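Notes to accompany the following structure.
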Amino acid sequence: MPSSRLIALLDLDCFYAQCESVRLDIPSHLPVAVFQWSGAIAVNYPARAAGIKRFMKLEDMKKVASDIVAIHVEVETLSSAFIEEAGDEDVRKSKYKKQYSLTCEEKALAFSRENGHFPSRTSAQANIERYRYVSGLIFSRLRIFLDEVVGQGGYKLEKASIDELYVDLTEYVNKSRESTPPPLTGKVVIIGGDKNWTDDAQCLMAANLVSRLREDIKTTLGYTLSAGLAINKTMAKLAAGRGKPDGLAVLPRSSEAMKVALETTSVLEVRGYGGKGGKIVCENVLKFRGYNGPWEGDEYEEECKKLSMKMCGDCPADVLGSKHDWRLMNNGEEGEEVQHTKPGAPTKSITTFKSFVGDKESCHRKDDVKSKLGAWIEMMVKSLVRRVLDDSKRNNRWCKTLCVYFCNDVKAVKSKSTKFPGKSAQGKEESVTKFFIKTLEESTVWPIIRVGVSADNFFPLGAGLGIFLSKENEAGVTKPTDFKTTKVAKVVEKSTLFATVPPKSLAGICWNCKACTYENEADAKVCEICKTSRSVEDDEEYAKRLQKQFNDEEAEGVAIGVGVGVGEKRKAKKAKTVKDFFGS
DNA sequence: CATTATGACGCT
DNA sequence: AGCGTCAT
Numbered sequence: 064m065p066s067s068r069l070i071a072l073l074d075l076d077c078f079y080a081q082c083e084s085v086r087l088d089i090p091s092h093l094p095v096a097v098f099q100w101s102g103a104i105a106v107n108y109p110a111r112a113a114g115i116k117r118f119m120k121l122e123d124m125k126k127v128a129s130d131i132v133a134i135h136v137e138v139e140t141l142s143s144a145f146i147e148e149a150g151d152e153d154v155r156k157s158k159y160k161k162q163y164s165l166t167c168e169e170k171a172l173a174f175s176r177e178n179g180h181f182p183s184r185t186s187a188q189a190n191i192e193r194y195r196y197v198s199g200l201i202f203s204r205l206r207i208f209l210d211e212v213v214g215q216g217g218y219k220l221e222k223a224s225i226d227e228l229y230v231d232l233t234e235y236v237n238k239s240r241e242s243t244p245p246p247l248t249g250k251v252v253i254i255g256g257d258k259n260w261t262d263d264a265q266c267l268m269a270a271n272l273v274s275r276l277r278e279d280i281k282t283t284l285g286y287t288l289s290a291g292l293a294i295n296k297t298m299a300k301l302a303a304g305r306g307k308p309d310g311l312a313v314l315p316r317s318s319e320a321m322k323v324a325l326e327t328t329s330v331l332e333v334r335g336y337g338g339k340g341g342k343i344v345c346e347n348v349l350k351f352r353g354y355n356g357p358w359e360g361d362e363y364e365e366e367c368k369k370l371s372m373k374m375c376g377d378c379p380a381d382v383l384g385s386k387h388d389w390r391l392m393n394n395g396e397e398g399e400e401v402q403h404t405k406p407g408a409p410t411k412s413i414t415t416f417k418s419f420v421g422d423k424e425s426c427h428r429k430d431d432v433k434s435k436l437g438a439w440i441e442m443m444v445k446s447l448v449r450r451v452l453d454d455s456k457r458n459n460r461w462c463k464t465l466c467v468y469f470c471n472d473v474k475a476v477k478s479k480s481t482k483f484p485g486k487s488a489q490g491k492e493e494s495v496t497k498f499f500i501k502t503l504e505e506s507t508v509w510p511i512i513r514v515g516v517s518a519d520n521f522f523p524l525g526a527g528l529g530i531f532l533s534k535e536n537e538a539g540v541t542k543p544t545d546f547k548t549t550k551v552a553k554v555v556e557k558s559t560l561f562a563t564v565p566p567k568s569l570a571g572i573c574w575n576c577k578a579c580t581y582e583n584e585a586d587a588k589v590c591e592i593c594k595t596s597r598s599v600e601d602d603e604e605y606a607k608r609l610q611k612q613f614n615d616e617e618a619e620g621v622a623i624g625v626g627v628g629v630g631e632k633r634k635a636k637k638a639k640t641v642k643d644f645f646g647s
C-alpha cells in the first residue's frame with residue numbers, strides 16, 4: 064500500500080446558518096438564510112434545495128420558498144456599541160455563551176423577534192463574533208477528541224478558516240495497531256466507487272476516525288460537518304465537496320480512484336484556480352488541445368469548465384503557461400505541508416470593514432471624512448482595539464502594524480500603514496482614530512464607499528522563555544528581570560526585538576546566551592550582545608531546551624498561522640506534471 | 001452581472 | 001510598504 068500521507072479536511076456545513084439553527088432551535092427541515100444587509104451570506108441545505116443561493120435577496124427567496132427563515136447577523140449600532148469594557152474577554156465569552164443557551168421560551172421569543180427583521184445598515188456594522196465563538200468551541204472540542212482517541216502528537220491540525228480545518232492522520236495510521244476498526248457510521252461516499260478500498264487498512268482506519276469525530280461533534284455540540292479524506296490537502300478539500308452535506312467522502316489511495324477523481328474534477332473547482340490564474344491555465348490547455356475559440360462567452364466558459372484536472376496534468380509543463388501560471392498549477396496539485404496550529408489558532412491579522420451604499424452616506428471629499436465617517440471610524444477603532452486586547456489576553460501577543468483601507472471601488476483597495484500603538488500606550492483608540500482620519504483625508508480616491516482597519520504583524524509577549532524589547536518599542540512588555548538593563552540597552556541600538564525562541568531556520572545552529580537570552584551564531588565564543596563568554600552549561604542547557612521545544616511543538620503545535628497558500632517549503636519541491644506527482 | 005466582511009498570501 | 005489575487 065502507498066506510503067503517502069492521509070489528510071482529512073473538515074468543513075462545517077453552512078456554518079453561520081447552522082449556528083443560527085442551534086441558537087434559535089430552528090426545525091431542521093426549514094430553509095434558513097443568514098443575511099448581511101440585503102443579501103444572504105449563508106444558506107442551509109433545505110434552502111439550497113429550493114434554489115436559494117448566496118447573495119440572494121429575501122424577496123427572491125420567498126418566491127421559491129415561502130417558509131424561508133431569514134436571520135440577520137448580529138450588528139453593533141452606532142448608538143449602543145461596545146458597552147463592555149475593552150479587553151474584558153470573559154464578559155463577551157459569557158455573552159455569547161448565553162446567546163446559545165436560551166430557554167425554549169427565550170428561543171421562541173428571539174426567533175419571532177429576529178426572523179425577517181433586518182437592522183438598518185446606515186446605523187450599524189455587521190459583527191460575526193457570534194460565529195467566531197462557536198468556531199472556537201468546535202475547534203477546542205475537536206482537539207479534545209483527537210487528543211483522547213489519537214493521542215497528543217499523533218496528529219497535526221491546521222485551521223484553514225473559521226469553519227474549516229485540515230487534520231493530518233499519517234502518523235496515527237502508521238503507528239496504530241488497531242486490527243479491525245469498527246464499521247463506518249453516517250454517510251460515506253467513496254470516490255470512484257472502488258469496492259476494494261477497504262483493503263487499505265490505514266485509509267479505513269483514518270476514515271473510521273473521521274466518522275467518529277463527526278459523530279462526536281454532532282452529539283456534544285450539535286453541529287454537522289462534512290469531511291474529505293485523501294492523500295493531500297488539495298484532494299481532501301475536493302473530496303469534502305463530494306461528502307456534503309453531513310457526510311464523509313474518501314478518495315481511496317489507488318491509481319484507479321485517483322484517475323476517476325482527476326477526470327471528474329474541473330480544474331476550476333480546485334482551490335486557487337477559481338480566478339484569473341485558473342483562466343490562464345484553461346486558455347493555454349485549450350490551445351494545446353487544439354481549441355480555436357471563441358475565447359469569450361458562454362461557449363468558452365463551458366469549454367473551460369470541461370477541462371478536468373487530468374487534462375491539465377496531461378499537458379507538458381511549458382504548455383501550462385508562464386512560470387508564474389505553472390507555479391500556481393503545481394502548488395494546487397501538490398497540496399501543501401501541514402502546519403501546526405492550536406485550537407482557536409491565532410489569526411495573522413484582525414480586520415474590521417464597513418461599506419456604504421447610496422449617495423447619502425458616501426464620503427465625497429476631504430471635508431466629508433469627519434462629518435460623515437467620524438462616528439463609523441470611532442466605532443471601528445473601538446471594535447478593533449477591543450479585539451486586539453482580547454486576542455492579547457488569549458494569545459499573549461501584541462501587534463506591530465496598523466493598516467487603514469479605503470476605496471471607491473470594491474475591487475481596488477487603497478491602504479496605508481503605520482505603527483500600532485503599544486499595549487500599554489495611553490490613548491490607543493485616539494491615536495488609531497487620528498491616523499484613520501488623516502489617511503482618509505489624504506485620499507486621492509473619491510467617493511470613499513468602503514473603509515477598513517486592521518492590526519497585524521503579531522509578536523509574542525514574553526511567552527515561555529521570554530523576549531526583550533527596545534526602549535523605542537511601545538509594546539509595553541514588562542521587562543524580564545533576569546537580565547541586566549545595561550545589556551538590554553546595548554541591544555536597543557541594534558534591533559527592536561529579539562525572541563529567545565529561535566526561528567526554525569536557526570534551530571540547532573545557534574547558541575543561547577544565559578545572561579541575556581540572545582541567540583548567537585553557532586561559532587561565536589562570546590555573546591554578541593552582552594559579551595558573556597560561552598560556557599559548557601550554555602551548550603547543554605540550550606540543547607535540552609531545543610529538544611523540549613521540539614517535543615512541545617510536536618505535542619501542542621506552536622506555530623502561529625494557518626497557511627492556506629503558497630509556502631516556502633513547497634517552492635523547493637517541484638512536480639513536473641500532475642502525473643509525476645500522483646504517480647499514476 | 002455584482003453584492004459583504006474577513007481572512008491568507010504573492011509580487012514588487 | 002502598498003497593491004493584487006483568491007476564498008467564502
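The first sequence lines up with residues 64 to 647 when you count with the working numbering.
Just so it is clear, CB atoms sit at the ideal spot from N, CA and C, and this is done for glycine as well.
Predicted, not measured: the structure shown is a model, and the values here were computed from it.
1) Looking only at its own chain, which residues have a Cβ that is under 8 angstroms from the Cβ of Y218, when we skip the five neighbours before and after it?
2) Given 8 angstroms as the limit, is there contact between the stretch 296 to 303 and the stretch 326 to 335, that is, 3 or more CB pairs closer than that?
3) Could you give the DSSP three-state label for N520: helix, strand or coil?
4) Considering only the alpha carbon of each residue, which of T328, T140 and C378 lies closest to V344?
5) Given a threshold of 16 other Cβ atoms within 10 Å of its Cβ, counted over all protein chains shown, does Q265 qualify as buried or as exposed?
6) According to the Cβ coordinates, are V451 and C462 closer than 9 angstroms?
7) Figure out for me which residue from Y108, T327 and R277 has the closest Cα to the Cα of G255.
8) Using a threshold of 9 angstroms, state whether the C-beta atoms of S517 and C466 are closer than that.
9) DSSP puts G515 in a beta bridge; with which residues?
10) Is the beta carbon of V313 closer than 9 angstroms to that of I350?
11) Taking C-beta to C-beta, are A71 and A223 nearer than 9 angstroms?
12) Less than 9 angstroms separating the beta-carbons of I500 and I413?
13) Pick helix, strand or coil for V138, following the three-state DSSP scheme.
14) Where are the beta strand (DSSP E) runs, 3 residues long or more, that stay fully inside the stretch 245 to 279, in chain order?
15) If we ignore side chains and look at the alpha-carbon of each, how far apart do I294 and R316 end up?
16) Starting from S84, trace the alpha helix (DSSP H) in both directions and tell me its first and last residue.
17) Report the partner residues of V97 according to the DSSP bridge assignment.
18) Any idea if S446 is buried or exposed, counting beta-carbon neighbours within 10 angstroms, 16 or more meaning buried?
19) Tell me the DSSP secondary structure of R450 in three-state form.
20) Please list, in chain order, all residues of the same chain as A187 whose beta carbon is under 6 angstroms from its beta carbon, the five residues on each side excluded.
21) Taking the alpha-carbon of R277 as reference, which of G306, D262, W260 and I253 has the nearest alpha-carbon?
22) Using a 10 Å radius around the Cβ and a threshold of 16 neighbouring Cβ atoms, would you call S434 buried or exposed?
23) Evaluate contact between the stretch 115 to 124 and the stretch 87 to 101, counting only Cβ atoms and requiring at least three cross-stretch pairs below 8 angstroms.
24) Would you kindly work out how many angstroms separate the C-alpha atoms of V251 and D279, rounded to a whole number?
25) Out of C375, L87, E366 and N459, which has the shortest C-alpha to C-alpha gap to R193?
26) On the CB-based measure, 16 or more other CB atoms within 10 Å of its CB, does D652 come out buried or exposed?
27) Taking 6 angstroms as the limit between beta carbons, can you name the residues of its chain near Y196, skipping five residues before and five after?
28) When you compare only the Cα positions, how much space is there between N520 and D454?
29) Determine, using beta carbons only, whether L200 and L284 come nearer to each other than 9 angstroms.
30) Distance check for K238 and S203, CA to CA, integer angstroms please.
31) Per DSSP, what are the beta-bridge partners of V444 in this structure?
32) Look up I592 in the DSSP assignment and say whether it is helix, strand or coil.
33) Grab me the residues of V621's own chain with a C-beta within less than 6 angstroms of its C-beta, minus the 5 sequence neighbours each way, in chain order.
34) Which residue from P510, L325, Y354 and M119 puts its Cα closest to that of G421?
A quick look at the data gives this:
1) L209, V230, D231, L232, E234 and Y235
2) yes
3) strand
4) C378
5) buried
6) Yes. Within cutoff.
7) Answer by Cα proximity: T327.
8) yes
9) F416 and Y468
10) Sequence check: residue 350 is Lys here, not Ile. Not a contact, by the Cβ cut-off of 9 angstroms.
11) no
12) In this structure, I413 does not lie closer than 9 angstroms to I500 by Cβ.
13) strand
14) 250 to 253
15) Roughly 7 angstroms separates the two Cα atoms.
16) F78 to L87
17) A105 and I134
18) buried
19) helix
20) These residues qualify, in order along the chain: V138 and T140.
21) G306
22) exposed
23) yes
24) One C-alpha to the other measures close to 16 angstroms.
25) L87
26) There is simply no residue 652 to check, as the chain begins at 64 and stops at 647 in what is shown.
27) Y159
28) 13 angstroms
29) Judged by their CB atoms, L200 and L284 are nearer to each other than the 9 angstroms cut-off.
30) 24 angstroms
31) Its beta-bridge partners do not exist; DSSP assigns none.
32) Low local confidence applies: a pLDDT of 47 at I592 is under 50, so the model's placement there is unreliable, with the coordinate-based value given in what follows. Coil at I592, not helix or strand.
33) With a pLDDT of only 31 at V621, under the threshold of 50, the placement of this residue in the model should not be trusted; the figure read from the coordinates follows. Excluding positions up to five away in sequence, the list is empty.
34) P510
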